[in-house]
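**Student:** Be aware that the sequence shown starts at 2, since it is given in my numbering, and climbs by one per residue. Below: one structure in structure tokens.
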Amino acid sequence: MTEPHPIETWLTDMDGVLVHEEHAIPGAADFIAALRAAETPFLVLTNNSIYTPRDLRARLLSSGIDIPEESIWTSAMATAQFLADQRPGGTAYVVGEAGLTTALHDVGYILTSRTPDYVVLGETRTYSFEQITQAIRLIEKGARFIATNPDVSGPSHEGTLPATGSVAALISTATGRQPYYVGKPNPLMMRSALNRLDAHSETTVMVGDRMDTDMVSGLEAGLRTVLVLTGSTRPDAVELFPYRPTAVVDSIADLVHIVESRGPIA
2 MTEPHPIETW LTDMDGVLVH EEHAIPGAAD FIAALRAAET PFLVLTNNSI
52 YTPRDLRARL LSSGIDIPEE SIWTSAMATA QFLADQRPGG TAYVVGEAGL
102 TTALHDVGYI LTSRTPDYVV LGETRTYSFE QITQAIRLIE KGARFIATNP
152 DVSGPSHEGT LPATGSVAAL ISTATGRQPY YVGKPNPLMM RSALNRLDAH
202 SETTVMVGDR MDTDMVSGLE AGLRTVLVLT GSTRPDAVEL FPYRPTAVVD
252 SIADLVHIVE SRGPIA
């Protein structure tokens, strides 16, 4: 067997890996501090398209985790980059919040309801029936349908919330058109993150808490993958999937020594 390439870059999911709601997971702050001390390039990835990197930095900082804005990569940012590559200077009708609209403005997109090139659906805590109806009608008139991520639900203090995938299903049922999802598990999000860091898949590790998004997208992008058991996927569920992560650990705390020693993943 050939020796594995050294780890030069880290990608990590946020919710379930670094934080639970507003609370840091033990070891998360130490993991990020170790990456920064070693000057190891990294990005924190999230399918959440509601918030800007500045918003997310503030949220993480209040939990005791210090991550620079430029080290946060959201599905909104990946979606904006994808659209800028596909159709530079295009137009979009957006159902979403500041994280998505800001990302699209940053790549030079114009937001409009007049014959847009795309209808772009993101996550929001206040889905409007009027906006959804407008999206349906624009898609019927020829707008291309894009969604930031396929997550059908998300957590809140009060319980489960419908997320982007659920609203996308509503629009698809009404229009007969399926969206193109940019966020995880699409490996495109991993590749866009690698490009942002000028990193290579063979020397990058993806850390996540979900077998059906983080692990499969990392695998398909050619990354080594580490599943932490502090989030969605339980230990007894790992063997139910037809693919395996490179390693399974209890939490992000188990990876601090690997970052500090630059050692291999067991």
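Backbone N, C-alpha and C define an ideal beta-carbon position, used for all residues, glycine too.
Per DSSP, what kind of secondary structure is H201 in: helix, strand or coil?
**Tutor:** The count along the sequence shown starts at 1 and reaches residue 201 at position 200. Of the three classes helix, strand and coil, the one that applies to H201 here is coil, per DSSP.
**Student:** What's the call for V206, buried or exposed, on a 16-neighbour Cβ count within 10 Å?
**Tutor:** Counting from one through the sequence shown, the residue named residue 206 turns up at place 205. Burial call: buried.
**Student:** Look up T247 in the DSSP assignment and say whether it is helix, strand or coil.
**Tutor:** On the sequence shown, position 246 is the one that residue 247 refers to. Coil at T247, not helix or strand.
**Student:** Of all the beta strand (DSSP E) runs that stay within the bounds of the segment 98-130, which reach a length of 3 or more residues?
**Tutor:** 119-122
**Student:** Quick one: residues in its chain with C-beta nearer than 7 Å to the C-beta of I133, no 5 flanking neighbours on either side, listed in chain order?
**Tutor:** The sequence position of residue 133 within the sequence shown is 132, counting from 1. For I133, where only same-chain residues beyond five positions count, the Cβ hits under 7 Å are V96, V168, L171, I172.
**Student:** With distances taken from CA atoms, which of T13, G223, G109 is nearest Q87?
**Tutor:** Mapped onto the sequence shown, residue 87 falls at position 86. The residue among T13, G223, G109 with its C-alpha nearest the C-alpha of Q87 is G109.
**Student:** In whole angstroms, what is the alpha-carbon distance linking H6 and T204?
**Tutor:** For the purposes of this step, residue 6 is taken as residue 5 along the sequence shown, with counting starting at 1. For the purposes of this step, residue 204 is taken as residue 203 along the sequence shown, with counting starting at 1. Approximately 6 Å between the Cα atoms of the pair.
**Student:** To the nearest angstrom, report how far apart G166 and G184 are at their CA atoms.
**Tutor:** To locate residue 166, count along the sequence shown from 1; it is residue 165. To locate residue 184, count along the sequence shown from 1; it is residue 183. Their backbone Cα atoms lie some 11 Å apart in a straight line.
**Student:** Quick one: is D237 buried, meaning 16 or more other Cβ sit within 10 Å of its Cβ, or exposed?
**Tutor:** Working through the sequence shown from its first residue, we reach residue 237 at position 236. So D237 ends up on the exposed side.
**Student:** Within its chain, find whatever has a CB closer than 8 Å to the CB of M2; leave out the 5 residues flanking it on each side and keep chain order.
**Tutor:** As a position in the sequence shown, residue 2 is number 1, starting the count at 1. For M2, the predicted structure reports a pLDDT of 47, less than 50, and the residue's modelled location is therefore unreliable. A value from the coordinates is still provided. Hits under 8 Å: none found.
**Student:** Taking the alpha carbon of T116 as the reference point, which residue from R126, G143, T125 has its own alpha carbon closest?
**Tutor:** Counting from 1 along the sequence shown, the entry for residue 116 is found at position 115. Answer by Cα proximity: G143.
**Student:** Does DSSP classify F83 as helix, strand or coil?
**Tutor:** Walking along the sequence shown from the start, residue 83 turns up at place 82. Three-state DSSP puts F83 in a helix.
**Student:** Would you please verify whether the beta carbon of L44 is less than 9 Å from any beta carbon of chain B?
**Tutor:** This model lacks chain B altogether, as it is built from one protein chain only.
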